[in-house]
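Note that the protein sequences, when read in sequence, are chains A and B.
Per the numbering used here, the very first residue in the first sequence carries number 4; after that it's consecutive.
Per the numbering used here, the very first residue in the second sequence carries number 1241; after that it's consecutive.
All C-beta atoms, glycine included, are put in the ideal place defined by N, C-alpha and C.
What follows is a set of notes on a single structure, which appears directly below.
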Amino acid sequence: MSEAKLPADQKDPAADPLHSDRDHPVENKAAKGMTRRGFLKGAGVTAAGTALLEGAQVFSREALAATRGEVSGVKEYGPGPVQVSLQVNGKEQNVLIEPRSTLADALRLDLGLTGTKVVCDRGACSACTVLLDNVPINSCMTLAMDAVGHRVTTIEGLAKDGEMHPVQAAFVKHDALQCGFCTPGMVMTCSALLEKNPKPTEEDVRTAIAGNLCRCGTYPKIFAATLEVAGVSSPEVTPKA
Amino acid sequence: MNQFSLVDCTTVDGALSQLNDSSVVKAAGVDLLDRMKNGTATPSRLVNIRNIAELRGIHPSPQGVTIGALTTLTEISEHPLIRSEYTILSDACGSVATPHIRNMATLGGNLLQQLQCWYFRSEEFQCLRKGKEICFAFEGLNQYHAIMDYGSCPSVAPSSSAVALLGLNASVELSSAGRGKRMVAIKDLYVHPDANPTKFNVVEPDELLTAVVIPRPAKGTRSAYQKYGEKQSNDWAIADAGVVLEMDGNVCRKAAIVMGAASPVVRHSAEAEAVLAGKPISEETARAAGKAAMQGGPLQTAMQGAQPLSMNAYKVQLFPVAIYRTILLAAGQMGRDPSAAG
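Dropping the structure here:
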């Protein structure tokens, strides 16, 4: 398989959204009522809102089905921006993205859902965990266009009516985080585990989060929080009175 | 990642119509996106087969089981029939990478993933497998490289599912628009670097791997797979062992012993298999088989037996232990090794 050479200008880190400032917003509470993150998120959402260009290619599998028989179920998109509809946290949202956009990028940069974290960007740490049809996956290793037609749930979609999801509440109660960067991914994984297996053992929790790395080492409290939501106590992780 | 256009396909015929000498196929994309992010793959056009529903599913038949190429590793590792009758495969698929990767990664993608050698994966090194002259692993860092049957390149076979499928005597179905379908046994799927350093498998540019066909194991068959890594999850194997035993009571009629991360191409150990054939399975025979696995075996190079590189002599000790424990696990005489990964 011969592959096209990467144009030199695309090696410019500034041209790569993954290395742009937008991806690493730093909160600056000193600025009066205006945080860097808030500013950047606002800018991102505005861009998404106005980005649906007239004449942009629109992604649709229905169009694909209609032409089956002639070109037998294929359609080429991009490399420029394509309008796609993603179902995120129960809401259909239009975004204008290039085919190379990962789901993590589309969520963070185009939809302003920065709760999903990108750390390793290689599927090795699972900080970017989101649910695709209730199954935890790495959004950094999934193309956004592959999420079309599936239900995406992010950390922002867990709370209902202003009430934290039970797993979120248990993480708070058990102080199951230190720096917090792995926490959204951990919460997504543990909530998906409990959906699939409401009465897990500690071993089940360990297995479920085997790909979620926490460098602060908060694992025992994550086990305790998750098991408490399930109503399972574990002598090994329950703090002694 | 560089820009590319994405050809969205919903049918096998549609995808096949898009293949040519320069086409790059994407299933889940776990391996491909990794290489694209590393800059070692820069395709301008991807043929996206991820959404072809007909390529997903596990279909048992009286002859065995057919698994669609896009079936995820999680679906295989959790499937009741695979767990009971093809345990080596559910073990292997369940040991790969992380739970989230297994939720995405497909069987076809696992089989056709490219080498995990860090020189090959790095944009900085132009090595033999990229069509250049040099292999950097001989003089460089080679702790994860081959100990057996390597010549010009000691990178190891990376696919765990291939270890299981070789043990089960499985075949892959390759489909093309012009030539229809052909079946290729797993033992013939991979190309040894000494035969062709830049061709990793026999899949032609106009072909898709569409299914894996596994014959039904003989009555009395028991199997297991264990992977040993530096970490309990999240890593490739430094040694892995697949064992399929056709049992008659406690006597082994026939054995398949397969090693993954030992050589450039996933391999049977004819020596280990010969030790077990016609013998009862015991600690003694299992240990003898593990030891024998470090001898010759079917060879694609002139190398006889294990010949470690400067940094991987530990593998010569690890493989016999992995094989011995996995034989006893398959025979039901030992539990799963707590020091194994996954």
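Grouping DSSP H, G and I as helix and E and B as strand, with all else coil, what is residue i?
i       : result
B/V1252 : helix
B/I1497 : strand
A/K78   : strand
A/R154  : strand
A/H168  : coil
B/A1583 : No answer is possible for residue 1583 of chain B: it lies beyond the span of chain B, which begins at 1241 and ends at 1582.
A/C131  : coil
B/S1522 : coil
B/Q1383 : coil
A/K199  : helix
B/G1420 : strand
B/A1458 : coil
A/I212  : coil
B/M1241 : coil
A/Q60   : strand
B/V1453 : strand
B/E1486 : strand
B/R1565 : helix
B/A1464 : strand
B/E1511 : helix
B/P1578 : coil
A/V87   : strand
A/Q96   : strand
B/C1492 : strand
A/F226  : helix
A/T117  : coil
B/K1186 : Only positions 1241 to 1582 of chain B appear in this structure, which leaves residue 1186 of chain B out of reach.
B/V1247 : strand
B/E1447 : strand
A/L9    : Below a pLDDT of 50, predicted positions are generally treated as unreliable, and A/L9, at 41, falls in that range; the measurement from the model is reported next regardless. Coil.
A/E101  : coil
Inspect the beta-carbon positions of residue i and residue j and report whether they are closer than 9 Å.
i       : j       : result
A/A107  : A/D124  : yes
B/V1265 : B/E1294 : no
B/M1344 : B/A1410 : no
B/Q1258 : B/S1284 : no
B/A1581 : B/G1489 : no
B/D1506 : B/V1498 : According to the sequence shown, residue 1506 of chain B is Val rather than Asp. Going by C-beta atoms, B/V1506 is nearer than 9 Å to B/V1498.
A/S129  : A/I225  : no
A/A214  : B/H1299 : At residue 214 of chain A the sequence reads Gly, which differs from the Ala that was named. Taking 9 Å as the Cβ cut-off, A/G214 and B/H1299 do not qualify as a contacting pair.
B/R1369 : B/S1395 : yes
B/A1570 : B/I1316 : no
A/R64   : B/N1260 : no
B/C1367 : A/V77   : no
A/K199  : A/V235  : no
A/M191  : A/T132  : yes
B/E1325 : B/P1457 : yes
A/P82   : A/L146  : no
B/G1530 : B/Y1554 : no
A/A227  : A/V170  : no
B/C1199 : B/P1538 : Outside the modelled stretch of chain B, which goes from 1241 to 1582, sits residue 1199 of chain B, for which no answer is possible.
B/S1401 : B/L1256 : no
B/E1513 : B/A1495 : yes
B/T1438 : B/G1371 : yes
B/P1455 : B/L1408 : yes
B/G1349 : B/V1403 : no
Beta-carbon of residue i versus every beta-carbon of chain D: anything under 9 Å?
i      : result
A/F226 : The question asks about chain D, but that chain is absent: this structure's protein chains are A and B.
With a cut-off of 8 Å on the beta carbons, I'd call residue i and residue j a contact; round off their distance for me.
i       : j       : result
A/G126  : A/M144  : 4 Å
B/A1501 : B/A1517 : Wrong, their Cβ atoms sit about 25 Å apart, outside the cutoff.
A/E159  : A/L116  : 5 Å
B/F1559 : B/M1543 : Actually they do not touch by this definition, with Cβ atoms about 15 Å apart.
A/L135  : A/V122  : Contact doesn't hold; Cβ gap of about 19 Å is too wide.
B/A1377 : B/C1357 : 6 Å
B/V1442 : B/V1424 : 6 Å
A/Q60   : A/Q86   : 7 Å
B/I1387 : B/N1552 : 6 Å
Worksheet item: Given 8 Å as the limit, is there contact between the region 1389-1398 of chain B and the region 1425-1443 of chain B, that is, 3 or more CB pairs closer than that?
Response: The answer is yes - the region 1425-1443 of chain B touches the region 1389-1398 of chain B, with three or more Cβ pairs under 8 Å.
Fill in: contact_flag[the region 1452-1469 of chain B, the region 1481-1488 of chain B] where n(CB pairs < 8 Å) is 3 or more
As far as the Cβ criterion goes, the region 1452-1469 of chain B touches the region 1481-1488 of chain B, which means the pair count is three or higher.
Item to complete: Spell out a yes or no on whether the region 76-91 of chain A and the region 150-162 of chain A are touching, meaning 3 or more CB-CB pairs, one atom from each, closer than 8 Å.
Response: Contact annotation: the region 76-91 of chain A touches the region 150-162 of chain A, with at least three C-beta pairs closer than 8 Å.
Fill in: Any 3 or more C-beta pairs closer than 8 Å across the region 195-207 of chain A and the region 135-142 of chain A
Under the three-pair Cβ rule at 8 Å, the region 195-207 of chain A counts as touching the region 135-142 of chain A.
Worksheet item: Can we say the region 1272-1288 of chain B touches the region 1297-1315 of chain B, given the rule of at least three CB pairs closer than 8 Å?
Response: As far as the Cβ criterion goes, the region 1272-1288 of chain B does not touch the region 1297-1315 of chain B, which means the pair count is below three.
Discussion item. Quick check on the DSSP output: what are the complete beta strand (DSSP E) runs of length 3 or more inside the region 1267-1308 of chain B, in order along the chain?
Written reply: Those beta strand (DSSP E) runs which fall completely within the region 1267-1308 of chain B and span 3+ residues are 1285-1288, 1298-1301, 1304-1308.
Item to complete: Spell out a yes or no on whether the region 205-221 of chain A and the region 176-194 of chain A are touching, meaning 3 or more CB-CB pairs, one atom from each, closer than 8 Å.
Response: Under the Cβ criterion (8 Å, minimum of three pairs), the region 205-221 of chain A counts as touching the region 176-194 of chain A.
Item to complete: Assess, as a yes-or-no matter, whether the region 1411-1428 of chain B is touched by the region 1448-1457 of chain B under the definition of 3 or more beta carbon pairs within less than 8 Å.
Response: Contact holds: three or more Cβ-Cβ distances are below 8 Å.
Discussion item. I'd like the ranges of any alpha helix (DSSP H) spanning at least 4 consecutive residues and lying wholly in the region 1308-1375 of chain B.
Written reply: If we require 4 residues or more, the alpha helix (DSSP H) runs fully inside the region 1308-1375 of chain B come out as 1313-1318, 1320-1325, 1327-1335, 1339-1344, 1347-1352, 1358-1361.
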